[in-house]
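Novice: In this note's numbering, the protein residues as written are 99 to 193.
No residue lacks a Cβ here, since even glycine has one placed at the ideal position from N, Cα and C.
(1) According to DSSP, simplified to helix, strand and coil, what is residue 147?
(2) Please state whether DSSP places residue 177 in a helix, a strand or coil.
(3) As a quick exercise: from 135, 154 and 180, pick the residue whose alpha carbon is nearest that of residue 126.
(4) Determine the closest residue to residue 177 out of 101, 131, 164 and 112, with distance taken between C-alpha atoms.
(5) Looking at the strands, I want to know which residues DSSP matches up with residue 112.
Next up, the structure:
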């Protein structure tokens, strides 16, 4: 286990989470301290009585104690804005 002294870590720091949580796959870990998480969902259209496939990619803060890599399945939670494009933080690695 890596020593975590990150103030933006939800377990060891002071960052609080609120709002929605999602489970997705890490598709990029090239940025320092940030991962891109992708997940898919179905949306129903009442007019056509059918579903369509949709997907979302968001940037999430990756604390050093979790250390998610490309291909990992992670759970992310909403938090306060950490930068221009980061509103989520990785809270656990599932696989």
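Specialist: Concretely, from the data shown:
(1) coil
(2) Note: residue 177 maps to strand in three-state DSSP.
(3) 135
(4) 112
(5) None, per the DSSP bridge assignment.
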